[in-house]
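**Q** Have a look at this one.
Protein chains: 2
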Amino acid sequence: MDAEEFRRRGMEMVDYVANYLENIEQRPVYPDVEPGYLRSLIPTEAPLEPDNYDDIIKDVDRVIMPGVTHWHSPYFFAYFPAATSYPALLADMLCGAIGCIGFSWAASPACTELETVMLDWLGKMLNLPEHFIAGTHGHGGGVIQSTASEATLVTLLAARCKAVRRVQASNPEKSEAEILSKLVAYTSEQFCATLGTTASCAFDRITELGPICNKENIWMHIDAAYAGSAFICPEFRPLLNGIEFADSFNFNPHKWLLINFDCSTMWVKKREDLIGAFKMEPLYLKHENQESGKKRFRSLKMWFVFRMYGIQGLQAYIRKHVGLAKEFESLVRADKRFEICAEVIMGLVCFRLKGSNRLNELLLKRITKSREIHLVPCQLSGRFVLRFAICARTTDSRHIQQAWRHITQLTFEILQEPNH
Amino acid sequence: MDAEEFRRRGMEMVDYVANYLENIEQRPVYPDVEPGYLRSLIPTEAPLEPDNYDDIIKDVDRVIMPGVTHWHSPYFFAYFPAATSYPALLADMLCGAIGCIGFSWAASPACTELETVMLDWLGKMLNLPEHFIAGTHGHGGGVIQSTASEATLVTLLAARCKAVRRVQASNPEKSEAEILSKLVAYTSEQFCATLGTTASCAFDRITELGPICNKENIWMHIDAAYAGSAFICPEFRPLLNGIEFADSFNFNPHKWLLINFDCSTMWVKKREDLIGAFKMEPLYLKHENQESGKKRFRSLKMWFVFRMYGIQGLQAYIRKHVGLAKEFESLVRADKRFEICAEVIMGLVCFRLKGSNRLNELLLKRITKSREIHLVPCQLSGRFVLRFAICARTTDSRHIQQAWRHITQLTFEILQEPNH
């Protein structure tokens, strides 16, 4: 395929993508396939000679689409949102074309530098303390990771490295292994200090945890994977109070800030803590401006999205989703058969039928089977709870109303059954 | 931006990408910017209201492109290749549109299933032992990771988990901490058993290491990050002999198999070893067919590339690159001022001027400064060596000849200087 054919096929693909997203709500949100469905639909080996491109596209419809859970359907209310937007898709095309691997400044200066500045932009949107902003203070700064788990792992390694050095500074006779065997990480069931847990979007009190960590010289990491995006709105920013005690902080714009996966943003108070933990300099990577990490040009997505929406556009988007969650909450509260199981703060509503776990499991089973809307459950204090998360960019009031009609219809049917 | 505007902007972007790649060799391969160049070119904060899209594209040319190291220029010979191809770019557009997060089967069945089958296709292309092929044997199989480092980390955790369980099975009184403190990982300077090291593309003798690992019950992991792609050619496959002793194996199609970053493929002999190490089942992820890992729909890229090139097309691509390396090797060998520093097996030529490290450092400095070609060095037995890696998809004989003319011209100039 040469540039000329790519031009033609690329334009067809743009059209395919636009059609897919424009008409996505007409597809069943959850696929009707059994595990192993795909293997029998395609050959067992790669072709020796090239296939026809048109056949590949036909196979996307025949093989792939029937097995896709449509995360961007306005009837998708499962897990947490996976962000997407047209500006991010455009930026991703450019990112693919440049195709640099940004593991050092020299490997692609624009990639390293735009990332630092975009993390500053975003940090300022969240009104992070100055020491997290690279362009202001100079000691801290932000970096993109793939996932919140990766950010947490990186933080853990940096914290460990820093603790070892601190102990060694005053006890040079101690071996690294000896120190390591004494280190302790304090976590709850949800791991570290969390703003917006996955199960129910609960918030830890970091203004209480923070001073203890600082006093005891404990590295404090705060994970706000989902909820972090909302802190760009002044009315939600108080939930981030206490951030000034943190050594590091991360959240996922790829969840709720219209930037495609992967884009998990992380800030550290002292860049040197991160760089120190990962320093490794074979000559083929050596450069006076080396930093670590292997990455695509992911900051392009941030740049396109921030500029095409503007801060106000992004704020409006967050507020719309929270508003839709409140709308759903009202519908649930108005129906005496149901109860709300956790305070609705962001775009997640945890609810259940008053009654046994078995009854709620049955309701979810029927919802999943119907494939009209898609939800997943969680467990809160031993109770089986349904999670209704506002996810898609195009979800609107009518989808919420339709989803609730659907849930109550299935509830009605279940409660009619003799052995429910 | 609605679907209609995306159609228009998407087609413009396809055109931009095609133009960029078609004319890439006219750009200096290495950028002429100083660290920090970008910050002053853009605002210090995100705009409150949306910017104009045309301004963003103008800024790509004004702000981004001057700071890009052009990895896909045919004059880029640094590091190792970063794969790209038009079919992969098209697949990536589709991947972005579907935008699923495949952390379990239910989260997107097509994503999980195509990945397993594509890893089988690729495993068969490499003629991997049957126990690595999911569709044949049933106990082993492949999975996509982001990088070889990630694959190695995952393997290390799986191996550790397995070792702990084995010891605990016969010593139930031992605590996990006690066992962990006794575990040993054997590595060389390059970490694990490696086929094609980064510095010089050297090969470990796995037919010697393998039986020792098997006999001593040591998990054997083999990393063939760069060279692995070449094993689809029968003439290079003998370098993989001994793979039957390995518990796990990985290489990066995103380096040399025309599939965009990220796509690091990894196979394990026993899937349960991986799944067991990462099992963690909160209710919101629970599903009878759960596996682990958070991922984009990366297997689409593999599917498009394998089908659009066919196995023969991919083999021809590898052979072309190796041929170009041999061509460069001949040019170096024909010039008595130079020496070849490591056997040229794949697409990498390690060479240097006979003389001091200082002289070679000076030569590389001039090469980098000229920005006509881009190379990085390595250190072999204390000697400063230049690495010439065939990288871009469009690199051809004329680029090799031109690169050599350029190197010898700079050499001539240096050797003329009184204090060289």
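Protein sequence lines, in the order shown, are assigned to chains A and B. Using our numbering, the first residue of the first sequence is number 1, and each one after it goes up by one. Using our numbering, the first residue of the second sequence is number 1, and each one after it goes up by one. Glycine included, C-beta positions come from ideal geometry on N, C-alpha and C. Remember, it's a predicted structure, so these values are computed and weren't measured experimentally.
1. Does the segment 168-180 of chain A come into contact with the segment 310-319 of chain A, if we say contact requires no fewer than three beta-carbon pairs (one atom in each stretch) closer than 8 Å?
2. Since A:Arg296 and B:Phe261 should fall inside the 8 Å C-beta cutoff, what is the C-beta to C-beta distance between them, to a whole number of angstroms?
3. Is there a Cβ of chain B sitting closer than 7 Å to that of A:Ala151, yes or no?
4. With 8 Å as the C-beta to C-beta threshold (strictly closer), list the residues of the segment 124-153 of chain B near chain A in chain order.
5. Give a yes or no on whether the minimum CB-CB distance between A:Pro81 and chain B is below 7 Å.
6. Listing by chain order, which chain B residues have their CB less than 8 Å from the CB of A:Glu276?
7. Compare the C-beta of B:Asp51 with all C-beta atoms of chain A and state if any pair is closer than 7 Å.
8. Grab me the residues of B:Leu363's own chain with a C-beta within less than 8 Å of its C-beta, minus the 5 sequence neighbours each way, in chain order.
9. Is the number of C-beta pairs between the segment 103-110 of chain A and the segment 209-223 of chain A that are closer than 8 Å three or more?
10. Restricting to Cα atoms, I'd like to know which of B:Asp223, B:Lys255, B:Asn252 is closest to B:Gly242.
11. Check the C-beta distance from A:Ser299 over to A:Trp256 and give it rounded, since I have them as a contact under 8 Å.
12. I want to know whether the segment 46-57 of chain A touches the segment 391-398 of chain A - three or more CB-CB distances under 8 Å.
13. Are A:Lys294 and A:Ala88 touching if we call contact CB-CB under 7 Å?
14. Can you list the residues of chain B that A:Ser397 reaches, using a CB-CB cut of under 8 Å?
15. Starting from A:Arg383, follow its DSSP beta bridges and name the residues at the other end.
16. Closer than 7 Å, CB to CB, is B:Ile101 near chain E or not?
17. Quick one: measure Cβ to Cβ for A:Phe231 and A:Arg237, integer angstroms, because I've assumed they're closer than 8 Å.
18. Select from the segment 84-96 of chain B all residues with a C-beta closer than 7 Å to any C-beta belonging to chain A, and list them in chain order.
19. Nearest to A:Leu239 by CA position, among A:Met346, A:Ser264, A:Leu157, A:Val33, is which residue?
20. Compute the Euclidean distance between the alpha carbons of A:Lys326 and B:Cys201, then round it to the nearest angstrom.
21. Judging by CA-CA distance, which residue of A:Gly142, A:Trp71, A:Leu180, A:Gln190 is the nearest neighbour of B:Ala106?
22. Alpha carbon to alpha carbon, how far is A:Met1 from B:His433? Give it in angstroms, no decimals.
23. Going straight from the alpha carbon of B:Glu12 to that of B:Val268, what length do you get?
24. So that I know if they touch, is there some Cβ in chain A lying closer than 7 Å to that of B:Tyr317?
25. I need the boundaries of the alpha helix (DSSP H) containing A:Cys350, first residue and last residue.
26. Short of 7 Å Cβ to Cβ, which residues in the segment 212-239 of chain A face chain B?
27. Excluding sequence positions up to five away, which residues of its chain have a Cβ less than 8 Å from the Cβ of A:Gly123?
28. Need the endpoints of the alpha helix (DSSP H) that A:Val164 sits in, please.
29. What residues from chain A crowd round B:Glu45, counting only those whose CB sits closer than 7 Å?
30. Taking DSSP's pairing of strands, which residues face B:Ile144 in a bridge?
31. A:Ile340 lies in the beta strand (DSSP E); which residues open and close that run?
32. My output table needs one value for A:Asn360: the three-state DSSP class, helix, strand or coil.
33. Tell whether a beta-carbon distance below 7 Å holds between B:Gly99 and A:Ala82.
34. What distance in whole Å lies between the Cβ atoms of B:Cys161 and B:Ala277, which are believed to be in contact at a cut-off of 8 Å?
35. Run through the segment 296-342 of chain A for me and flag every whole alpha helix (DSSP H) of 4 or more residues, listed as ranges in chain order.
36. Straight-line CA distance for A:Arg271 to A:Met125?
**A** According to the structure data:
1. Inter-segment contact for the segment 168-180 of chain A and the segment 310-319 of chain A is absent: fewer than three beta-carbon pairs are separated by less than 8 Å.
2. The Cβ separation is near 6 Å, so the contact holds.
3. no
4. Correct list: Lys124, Met125, Gly135, Ser146, Thr147, Ser149.
5. no
6. The question names Glu, but residue 276 of chain A is Gly in the sequence shown. Going along chain B, no residue has its Cβ under 8 Å from A:Gly276, so there is no contact; the nearest lies around 18 Å.
7. Chain A places a beta carbon closer than 7 Å to that of B:Asp51, counting this residue as a contact.
8. Leu353, Leu386, Ile407, Leu410, Thr411, Ile414
9. When Cβ pairs closer than 8 Å are counted between the two stretches, the segment 103-110 of chain A is seen not to touch the segment 209-223 of chain A, the count staying below three.
10. B:Asp223
11. At roughly 18 Å, the Cβ-Cβ gap does not stay under 8 Å, so A:Ser299 and A:Trp256 are not in contact.
12. no
13. In this structure, the beta-carbon distance from A:Lys294 to A:Ala88 does not fall below 7 Å.
14. Listed by position along chain B, the residues whose Cβ is nearer than 8 Å to that of A:Ser397 form an empty set, because the closest Cβ is around 19 Å away.
15. A:Leu380
16. This model lacks chain E altogether; the protein chains it does include are A and B.
17. The Cβ separation is near 5 Å, so the contact holds.
18. Thr84, Tyr86, Pro87, Leu89, Leu90, Asp92, Met93, Leu94, Gly96
19. A:Met346
20. 59 Å
21. A:Trp71
22. No answer is possible for residue 433 of chain B: it lies beyond the span of chain B, which begins at 1 and ends at 420.
23. 43 Å
24. no
25. Where A:Cys350 is concerned, there is no enclosing alpha helix (DSSP H), although the beta strand (DSSP E) it sits in stretches over 348-353.
26. So nothing in the stretch comes that close.
27. Phe132, Ile133, Gly142, Trp267
28. 148-170
29. By Cβ distance, chain A contributes Trp121, Lys124.
30. B:Thr265
31. 338-340
32. helix
33. yes
34. 4 Å
35. 299-333
36. 20 Å
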